[in-house]
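>
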């Protein structure tokens, strides 16, 4: 109570200093803030009283109420007794444990796997030794089957139901009731592709949470976006709370100034304040645990005004400042809450993408003269970039396989990533932009008629770097050291030089024009860096499209082969099939050559595209097989007649079978090869054509050895084990695609079995 009185005294002094109109608006906000603190303290006191009485039912109810209030959680952690904090945390540990137990049992039954195959990953920052206990504000959970993330959209409803039951001891009245409850208690179900996922994969996540602060992250952009989302989402919830309250007042036809309307709106304002304070706390936590230590460890410098802004937000998150006062103090620094979040998370991304050799984020040269030189010479490079487009206009050629739009992208890239950042005094131009420039230049150079353009663009970039080096007194020798082997004689090989010079000179330019990178009052323009990645993804995406088209061609031919009854047509299709297989292999080889030469195997974009194309690349690598001839040759007349009358009946029967039942039936086919061929076809068809093993499939031999492999059909399904899938269903499309009914009917007939 003394703390609250001190807070109110400070607030009163601040309000008296404000102009009357501003004071009225701020008073409303402060009143809601004080009310939110009062409600939070009352909840904590009630929970403490229930704990002293040993009232388990009331403790559970109040622990849930406490967790749903960000202000209550923060004040309990800040001012509460350690034993009380541990008891509140224990209540929620029991709820979460009950949730996991329910999910483990239900999902194991649904996926037909042992319960220990269901795993849970909960992203959290490990406490430091000696830290006080604390009650967590949220619960981020990833559900996995056999080590693979289940997409959050498929499992979040089940998590919400189980969480509700574990809390209340009864099932929810509706899915909406469970989802609202989970949302109010900040239960977030994630997977590797979720907006709050920390990293491109599990290795990145582990490195982020457990690795040293200077550890390499494969996708700092994704982690930056996750940090940004977690810091902005509470503000979105605050606005939603106020909007819902206003909608409720209108829906009930209440007068805006009526007692009932004021009660609804006041309650909403208090709840919204809680979310605002949660926003402040969330960013301050990210700043203290990740942004500041990582930028510092990587040799960077945090701007002093950003550090001061983080301190203000930290005070707000600890409920020592009202939201209105937080915004007022930030405005005095010339910034805002959203801007601080953008700058701070952008700084995190920059520190990793501009990672040293130890001086990478430090001042490398006096840049005043370099900036003038760049601006003065920039027009030359920009005009050089226009050469390709002008030539295309004169000759009517589409000079690059990216099309004319690619040339415009290159020019836009030059202006936005080279000229504009230097003019604005933003941080150094890093290797990502150089990579994008080089890759674009090489794609230009690979097209007929684009040679002069690539070389001209490279020359323009070279002139800029040379001019900047001269302006800083570094000299061409220094530039040659920076660019190294990337500098070639333009007269000998303009094509190769065009691509290399774009890369080398952008990197050199970035080194020269460091402008005290990430210095006071300046921050990294992460949008420019993301544009560089977008350009690389655009080029790589063309390879992905080509490979996907080749796979679709192959599937169309396979389907026609299964349907044809004509030997002539079959021979023609077999030739097309062989050609399509060869085309797919060539497309896969071209992608790998581009990846290895232009990106390297460790490049995040290359790994991202590799992962997206993995099923198709596996198909390209697999030994060519010919689609089984679907005829009745070798079957006697009785079996032929039997097939004509029973295929439809068998097809209907198959449609109601689970994969395990179908596996059991298929093992009764004539040979092991028939069984393996059929089951692999079904697995591939039900997993989007990737292979017999997909995200929800697993194949094992009888003795669980990992050696089960059929080189002609990819990973195999051996006797004793089938494949399983989430919500398994053998659809009519799968039955038709794999010709299941015919194969089963024919085999049963030949064996004299009529089921």
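Residue numbers (mature numbering (1 follows the signal peptide of the UniProt record, and there is no 0)): -24 to -1, 1 to 731.
The beta carbon of each residue, even a glycine, is placed where N, CA and C say it ideally should be.
Less than 8 angstroms separating the beta-carbons of residue 119 and residue 98?
No.
> Take residue 109 and list the residues in its own chain whose beta-carbon comes closer than 6 angstroms to its own, dropping the five residues that flank it on each side.
Excluding positions up to five away in sequence, the list reads 58, 61, 62.
> Smallest Cα separation from residue 70: which of 55, 155, 87, 39?
Minimum Cα distance to residue 70 is reached at 39.
> Residues in the same chain with beta-carbon distance under 7 angstroms from residue 540, minus the five sequence neighbours each way, listed in chain order, please.
Only 546, 549 meet the Cβ criterion.
> Label residue 159 either buried or exposed according to how many other C-beta atoms from any shown protein chain fall within 10 Å of its C-beta, with 16 as the threshold for buried.
Burial call: exposed.
> If I measure Cβ to Cβ from residue 193 and keep anything under 7 angstroms in the same chain, skipping five residues before and after, which residues do I get?
Here the set comprises 175, 180, 183, 184, 199, 328.
> Identify, in the order they occur along the chain, each residue of the same chain with its Cβ nearer than 7 angstroms to the Cβ of residue 93, setting aside the five sequence neighbours on each side.
Answer for residue 93: 84, 121, 122, listed in chain order.
> If you draw a straight line from the C-alpha of residue 127 to the C-alpha of residue 233, how long is it?
Cα to Cα, the separation comes out at about 47 angstroms.
> Between the beta-carbon of residue 294 and the beta-carbon of residue 21, is there less than 8 angstroms?
Cβ distance not < 8 angstroms, so residue 294 and residue 21 don't count as in contact.
> If contacts are defined as beta-carbon pairs under 8 angstroms, then residue 12 and residue 250 qualify, I think. What distance do you get, rounded to the angstrom?
Confirmed, about 5 angstroms.
> Hey, quick one: how far does the alpha helix (DSSP H) through residue 171 stretch, first residue to last?
Note, residue 171: premise wrong, no alpha helix (DSSP H); not H, not E.
> Which word fits residue 210, buried or exposed, when buried means at least 16 other C-beta atoms lie within 10 angstroms of its C-beta?
The residue is buried, with at least 16 neighbouring Cβ atoms inside 10 Å.
> Between the C-alpha atoms of residue 307 and residue 9, what's the straight-line distance to the nearest angstrom?
About 20 angstroms.
> Output yes or no for whether 8 angstroms exceeds the beta carbon distance between residue 46 and residue 218.
In this structure, residue 218 does not lie closer than 8 angstroms to residue 46 by Cβ.
> On the DSSP bridge assignment, give the partners of residue 741 in chain order.
The structure shown does not extend to residue 741, since the chain is modelled only from -24 through 731, so no value can be given for it.
> Assess, as a yes-or-no matter, whether the segment 71 to 83 is touched by the segment 26 to 34 under the definition of 3 or more beta carbon pairs within less than 8 angstroms.
As far as the Cβ criterion goes, the segment 26 to 34 does not touch the segment 71 to 83, which means the pair count is below three.
> Does residue 557 pass the burial test, meaning 16 or more other C-beta atoms within 10 Å, or should it be called exposed?
The residue in question, residue 557, is buried, as its Cβ has 16 or more Cβ neighbours within 10 Å.
> By DSSP, does residue 163 sit in helix, in strand, or in coil?
If DSSP states are grouped into helix, strand and coil, residue 163 belongs with the strands.
> With the cut-off set at 8 angstroms, would you say residue 585 and residue 514 are in Cβ contact?
No, these two residues do not count as a Cβ contact at 8 angstroms.
> Assuming the contact rule is C-beta atoms closer than 8 angstroms, residue 205 and residue 172 should be a hit. Round their C-beta distance to whole Å, please.
Residue 205 to residue 172, Cβ: 6 angstroms. Contact.
> Just the Cα atoms here: how many angstroms apart are residue 769 and residue 91?
Any property of residue 769 remains undetermined from this structure, which presents the chain solely from -24 to 731.
> Quick one: Cα of residue 565 to Cα of residue 522, how far?
Spanning the two alpha carbons is a distance of roughly 12 angstroms.
> From the DSSP output, in three-state form, read off residue 116 for me.
In this structure, residue 116 counts as strand in the three-state DSSP scheme.
> Within 10 angstroms of the Cβ of residue 287, are there 16 or more other Cβ atoms? Answer buried if so, exposed if not.
With fewer than 16 other Cβ atoms within 10 Å, it is exposed.
> Classify residue 166: buried if its beta carbon has 16 or more other beta carbons within 10 angstroms, exposed otherwise.
Counting Cβ neighbours within 10 Å, residue 166 comes out buried, since at least 16 surround it.
> Going by the beta-carbon positions, is the gap between residue 277 and residue 207 smaller than 8 angstroms?
For residue 277 and residue 207, no; Cβs fall outside 8 angstroms.
> Within its chain, find whatever has a CB closer than 6 angstroms to the CB of residue 114; leave out the 5 residues flanking it on each side and keep chain order.
If we look at residue 114 and ignore the five residues flanking it on each side, its Cβ neighbours are 162.
> Looking only at its chain, what residues have a beta carbon closer than 6 angstroms to the beta carbon of residue 49, apart from the 5 residues adjacent to it on each side?
Excluding positions up to five away in sequence, the list reads 111, 113.
> Please identify the residue among 146, 569, 245, 202 whose C-alpha is closest to the C-alpha of residue 318.
The option with the nearest alpha carbon to residue 318 is 202.
> Consult DSSP for residue 293 and reduce its assignment to one of helix, strand or coil.
Correct three-state label for residue 293: helix.
> Would you check if the distance between the CB atom of residue 237 and the CB atom of residue 225 is smaller than 8 angstroms?
Yes, these two residues count as a Cβ contact at 8 angstroms.
> Considering only their Cβ atoms, is the gap separating residue 273 from residue 195 smaller than 8 angstroms?
Their beta carbons are not under 8 angstroms apart, which means residue 195 does not touch residue 273 by this criterion.
> Assign residue 299 to buried or exposed, taking buried as 16 or more other Cβ atoms, counted over all protein chains shown, within 10 Å of its Cβ.
Flag for residue 299 reads buried.
> How big is the Cα-Cα spacing for residue 261 and residue 589?
C-alpha separation (whole angstroms): 37 angstroms.
> Please state whether the Cβ-Cβ distance between residue 65 and residue 23 is less than 8 angstroms.
No, Cβ-Cβ distance for residue 65 and residue 23 is not below 8 angstroms.
> So, is residue 735 buried or exposed, given that buried needs 16 or more other C-beta atoms within 10 angstroms?
Residue coverage of the chain in this structure runs from -24 to 731, which leaves residue 735 outside it and unanswerable.
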